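There are 2 protein chains.
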Amino acid sequence: MIKERLKRLRASLRRRKLDAILITEPGNRRYLSGYSAADHGIQESSGVLLLPVTGKPLLLTDSRFELQASEEALEFTVELYRKGLFTLLKQLLPGLGIQRLAFESHYFLHSSAAKFSLLAEKIGLDLVPVTGVVERMRAVKSEKEIALIKKSVLLNERVFQLIHSTIEPGMTEVEIALALELTMRELGAEGPSFDSIVAFGTNSAKPHAVPTDRVLASGDIVLIDMGLVLEGYCSDMTRTFVAGKPGKTYLERLRLVRKAQLAAIEAIRAGAVCRDVDKAARSILDNGGYGRFFGHGLGHGVGLVVHEEPGLGPRSRKKLRAGMIVTVEPGIYLPEWGGIRLENMAVVRETGCEVLNEDCTGLDL
Amino acid sequence: MIKERLKRLRASLRRRKLDAILITEPGNRRYLSGYSAADHGIQESSGVLLLPVTGKPLLLTDSRFELQASEEALEFTVELYRKGLFTLLKQLLPGLGIQRLAFESHYFLHSSAAKFSLLAEKIGLDLVPVTGVVERMRAVKSEKEIALIKKSVLLNERVFQLIHSTIEPGMTEVEIALALELTMRELGAEGPSFDSIVAFGTNSAKPHAVPTDRVLASGDIVLIDMGLVLEGYCSDMTRTFVAGKPGKTYLERLRLVRKAQLAAIEAIRAGAVCRDVDKAARSILDNGGYGRFFGHGLGHGVGLVVHEEPGLGPRSRKKLRAGMIVTVEPGIYLPEWGGIRLENMAVVRETGCEVLNEDCTGLDL
């Protein structure tokens with residue numbers, strides 16, 4: 002997979018008359034090299050790739066990551082920086098015959114770019130800011146990647162179902178979140194793909210709720226948003242249900258959210274404009290009188306990273322392409338009452354889409 | 002605490018003839034506002050602060066975080082962006098009488114800065130890149146903060162000791178890492194301050210090892226690097242020991258690392274230059290013949306975030322100030338053999354330092 006990806010990226014660089022690209026975005030780094038180290042934020046990188054159009058690609062990192070880098074990034078020569086990335090680049094670049102060097106403007110700090118510009122001027126190099134070159138490649142998945150993501154989705158569902166069957170009044174949000182994460186790892190996941198959200202009652206009105214010590218009471222809404230990483234690939238799913246017997250208002254609202262989700266799924270196909278897919282769901286909620294309680298975008302791409310291109314938001318004019326994988330997650334959030342969000346993942350196909358999920362908890366109405 | 006911090010920052014802005022600052026760095030955001038939401042990386046911010054020298058400070062976020070922001074950031078007016086941060090800034094800035102607006106160059110993407118510059122030009126605003134203004138404030142802790150960090154350190158030790166007493170051959174790295182994180186939360190921590198490192202045998206030669214399914218064998222080195230967050234404040238500690246009876250080579254190397262750690266602790270005091278503290282430890286390892294196996298810096302500040310200013314690295318000419326809290330973590334890493342790292346945290350005082358740790362596992366030689 003790596004060789005093919007490098008080949009496609011090189012072709013893309015040639016078309017742009019670029020001699021090389023510096024890859025700083027961690028998802029892109031893993032996608033192009035297989036090197037799986039995480040960054041501790043953008044200020045503490047675990048390495049960057051320097052990919053010339055011709056010649057062997059380099060992985061630049063520090064000694065902490067030397068072993069892992071050489072074990073994982075088999076197509077790359079690992080070079081260590083002891084005095085920082087820019088010092089190493091200053092030594093390496095003049096020998097590589099690079100004139101026009103692209104860097105990832107969307108994952109490069111303003112302060113680093115200022116330093117880098119000074120260096121480029123000194124050694125007579127043209128820096129070319131680019132955005133999204135590799136992200137656009139990553140957005141369209143191969144069938145092999147789709148199969149891996151499907152595996153991740155199904156394992157995530159299995160974890161959900163195991164824990165779902167144990168949930169009862171008296172448990173806390175934190176307790177359930179921990180049980181989810183423990184079960185993920187026990188069943189072979191690398192870990193969660195993001196911090197699990199477990200929210201009871203009015204806490205579910207926070208779309209990004211952090212689990213608390215709140216105790217589950219009978220009749221409470223339970224919103225669980227969870228995902229895991231399996232063989233590098235992420236899953237992401239949200240289920241909402243009630244502890245005990247759901248009331249009439251809850252069921253009405255749940256049906257509306259599900260209707261919005263199904264309308265969006267109906268709208269997904271290659272060529273569909275992202276904001277139109279968002280609108281398909283949003284207008285159902287609008288017409289039901291809940292539009293103003295749906296404050297986020299409809300969904301996002303998922304792959305090696307849990308949030309990828311494309312964004313399915315109300316302002317995106319981008320078109321879906323076959324092989325993209327997106328979440329479809331409409332929700333409504335009423336501060337005094339609680340929230341309902343339903344999230345599945347779907348692969349975009351030429352004439353429609355294929356939902357990857359099988360679990361129906363909270364969807365069978 | 003928040004009011005006092007805002008006051009100090011405003012004074013600092015006035016000295017620089019700045020009318021306001023835009024805070025994007027998540028640790029700084031929490032430090033100045035109390036708002037504790039996490040970012041999903043720099044590309045998915047959960048909000049920014051706009052702090053004018055006079056007038057009420059603003060917290061700009063999106064609707065997902067509205068509730069949390071207004072509950073936590075009591076000194077701030079929460080403003081929501083629906084069409085992105087820059088659109089909101091375009092509406093707000095002209096009314097605030099701001100001429101010179103600082104932004105955090107070290108936590109601002111190159112691509113965002115490009116957009117922001119266009120906007121600033123349109124509305125006749127001078128953008129001033131600054132770095133580290135708030136980080137320098139954060140680096141020096143108040144006695145109240147020191148007390149909170151001490152609590153975090155002691156809870157972290159308690160968790161370590163509980164799990165340490167259960168470790169025996171047959172357990173896996175992942176199993177121990179999960180037990181650590183579970184126990185942290187059970188004892189009241191918000192969670193780990195970073196992904197725990199549990200590394201057996203040769204895995205311990207990777208300073209940033211990720212726990213695997215490797216099974217502990219008698220005689221293996223066990224390296225555990227762990228920290229937790231308690232009431233917002235982080236701890237960070239590393240212990241290395243052997244499952245069973247340690248060999249002679251191990252003990253010699255352990256003693257050398259401990260000697261290096263003690264030499265650094267001896268060198269810490271207000272006014273000491275960071276690289277000299279690093280050197281105090283490094284020259285012990287150099288003289289012992291292990292200098293080239295110590296590839297990282299000696300330590301780093303710890304506070305609301307687990308990696309803060311100051312960095313105790315071989316190139317830092319900065320001076321320590323009383324009230325700073327740093328880790329002291331020399332280590333040696335031999336790929337074919339394994340690694341040893343010992344890490345404690347210390348508060349810089351006028352005439353020396355105060356080690357916050359009490360646990361002596363692997364230190365009593």
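Sequence lines, in order, name chains E and P.
Residue numbering for the first sequence follows our numbering, beginning at 2 and increasing consecutively.
Residue numbering for the second sequence follows our numbering, beginning at 2 and increasing consecutively.
Using N, Cα and C, we set each Cβ at its ideal position, and we do this for glycine too.
Bear in mind the structure is a predicted one, so any value in this text is a computation, not a measurement.
C-alpha gap between residue i and residue j, whole angstroms
{"i": "E/ARG30", "j": "P/THR352", "result": "46 Å"}
{"i": "P/LEU93", "j": "P/ALA74", "result": "19 Å"}
{"i": "P/LEU366", "j": "P/VAL79", "result": "55 Å"}
{"i": "P/THR241", "j": "P/GLY363", "result": "6 Å"}
{"i": "E/VAL160", "j": "E/ASP237", "result": "12 Å"}
{"i": "E/HIS209", "j": "E/HIS297", "result": "11 Å"}
{"i": "E/VAL134", "j": "E/ALA21", "result": "13 Å"}
{"i": "P/ASP277", "j": "P/SER34", "result": "35 Å"}
{"i": "P/VAL349", "j": "P/VAL141", "result": "9 Å"}
{"i": "E/HIS111", "j": "P/ASP127", "result": "16 Å"}
{"i": "E/THR213", "j": "P/LYS260", "result": "43 Å"}
{"i": "P/ARG254", "j": "E/ARG17", "result": "53 Å"}
{"i": "E/VAL230", "j": "E/ASN345", "result": "16 Å"}
{"i": "E/LEU188", "j": "E/LEU163", "result": "11 Å"}
{"i": "E/GLY192", "j": "P/SER197", "result": "12 Å"}
{"i": "E/ILE124", "j": "P/LYS91", "result": "38 Å"}
{"i": "P/VAL356", "j": "E/LEU217", "result": "42 Å"}
{"i": "E/SER13", "j": "E/PRO58", "result": "15 Å"}
{"i": "E/ARG15", "j": "E/ASP40", "result": "29 Å"}
{"i": "P/ARG83", "j": "E/LEU81", "result": "43 Å"}
{"i": "P/ILE326", "j": "E/GLU105", "result": "34 Å"}
Given residue i as reference, the closest of the options once Cα atoms are compared
{"i": "P/TYR234", "options": "P/SER143, P/GLY292, P/VAL135, P/GLN69", "result": "P/SER143"}
{"i": "P/GLU72", "options": "P/VAL327, P/GLY96, P/ALA38, P/LYS4", "result": "P/ALA38"}
{"i": "P/ALA103", "options": "P/VAL54, P/LEU60, P/GLU67", "result": "P/VAL54"}
{"i": "E/SER194", "options": "E/GLY202, E/MET185, E/PHE201", "result": "E/MET185"}
{"i": "E/GLY314", "options": "E/ARG342, E/LEU119, E/GLU26, E/LYS280", "result": "E/LYS280"}
{"i": "E/ARG65", "options": "P/LEU60, P/SER205, P/ALA282", "result": "P/SER205"}
{"i": "E/ASP221", "options": "E/LEU263, E/GLU169, E/HIS111, E/VAL154", "result": "E/GLU169"}
{"i": "E/ASP360", "options": "E/ILE269, E/HIS41, E/HIS165", "result": "E/HIS165"}
{"i": "E/ARG316", "options": "E/THR328, E/LEU305, E/GLY300", "result": "E/GLY300"}
{"i": "E/ILE99", "options": "E/LEU51, E/ARG256, E/ALA323, E/ILE24", "result": "E/LEU51"}
{"i": "E/VAL223", "options": "E/ARG256, E/GLU267, E/MET172, E/LEU229", "result": "E/MET172"}
{"i": "P/GLY332", "options": "P/ALA178, P/ILE225, P/LEU155", "result": "P/ILE225"}
{"i": "E/CYS275", "options": "E/GLY85, E/ARG318, E/ILE266", "result": "E/ARG318"}
{"i": "E/VAL258", "options": "E/TYR108, E/LEU343, E/THR167, E/ALA271", "result": "E/LEU343"}
One or two residues paired with residue i in a DSSP bridge
{"i": "E/CYS361", "result": "Note: E/CYS361 sits in no beta bridge, so no partner."}
{"i": "P/PRO320", "result": "One point to set straight first is that residue 320 of chain P is Lys, not Pro, in the sequence displayed. In the DSSP output, where bridge partners are listed per residue, P/LYS320 has P/VAL274."}
{"i": "P/GLY340", "result": "P/TYR334"}
{"i": "E/VAL349", "result": "E/CYS354"}
{"i": "E/MET227", "result": "E/MET238"}
{"i": "E/ARG101", "result": "E/ASP127"}
{"i": "P/VAL1", "result": "In this structure chain P extends from 2 to 366, so residue 1 of chain P is not present and cannot be described."}
{"i": "E/MET138", "result": "Answer is none; E/MET138 lacks a bridge partner."}
{"i": "P/HIS301", "result": "P/GLY312"}
{"i": "P/ILE326", "result": "P/VAL348"}
Buried versus exposed, by CB contacts within 10 Å (16 or more), residue i
{"i": "E/LYS8", "result": "exposed"}
{"i": "E/LYS249", "result": "exposed"}
{"i": "E/SER113", "result": "buried"}
{"i": "E/ASN288", "result": "exposed"}
{"i": "P/GLY56", "result": "exposed"}
{"i": "E/LEU252", "result": "exposed"}
{"i": "E/LEU119", "result": "exposed"}
{"i": "E/LYS207", "result": "buried"}
{"i": "E/GLU158", "result": "buried"}
{"i": "E/GLY1", "result": "Coverage of chain E is limited to positions 2 through 366, which leaves residue 1 of chain E absent and any answer about it impossible."}
{"i": "P/MET227", "result": "buried"}
{"i": "E/THR328", "result": "buried"}
{"i": "P/SER284", "result": "exposed"}
Check: residue i C-beta below 6 Å from any heavy atom of the ligand MN
{"i": "E/LEU128", "result": "With respect to the ligand MN, the structure offers nothing, as it holds no ligand at all."}
message: What are the residues in the region 38 to 53 of chain E lying within 9 Å of chain P by C-beta distance?
response: Here the close residues are ALA38, ALA39, ASP40, HIS41, GLY42, ILE43, GLN44, GLU45, SER47.
- request: Identify each residue in the region 82 to 101 of chain P for which the Cβ-Cβ distance to at least one residue of chain E is less than 9 Å, and report them in chain order.
  value: Within the region 82 to 101 of chain P, the residues whose Cβ lies closer than 9 Å to any Cβ of chain E are, in chain order, ARG83, LYS84, GLY85.
- request: Could you run through the region 116 to 145 of chain P and flag, in chain order, every residue whose CB is less than 8 Å away from some CB of chain E?
  value: So the list reads PRO130, THR132, given in the order they occur along the chain.
task: Could you name the residues of the region 278 to 304 of chain E whose beta carbon sits closer than 8 Å to any beta carbon of chain P, in the order they occur along the chain?
output: Answer set for the region 278 to 304 of chain E: GLY296, HIS297.
- request: Identify each residue in the region 203 to 214 of chain E for which the Cβ-Cβ distance to at least one residue of chain P is less than 7 Å, and report them in chain order.
  value: Cβ contacts with chain P: ALA206, LYS207, PRO208, HIS209.
message: Output needed in chain order: residues of the region 163 to 193 of chain E with a Cβ under 7 Å from some Cβ in chain P.
response: Flagged, chain order: VAL175, LEU179, LEU183, ARG186.
message: Can you pull out the residues from the region 318 to 341 of chain P whose beta carbon lies closer than 9 Å to at least one beta carbon of chain E?
response: So the list reads TYR334, PRO336, given in the order they occur along the chain.
- request: Using a Cβ-Cβ cut-off of less than 9 Å, give me the residues of the region 56 to 79 of chain E that come near chain P, in sequence order.
  value: Listed by position along the chain: ASP63, SER64, ARG65, PHE66, GLU67, LEU68, GLN69.
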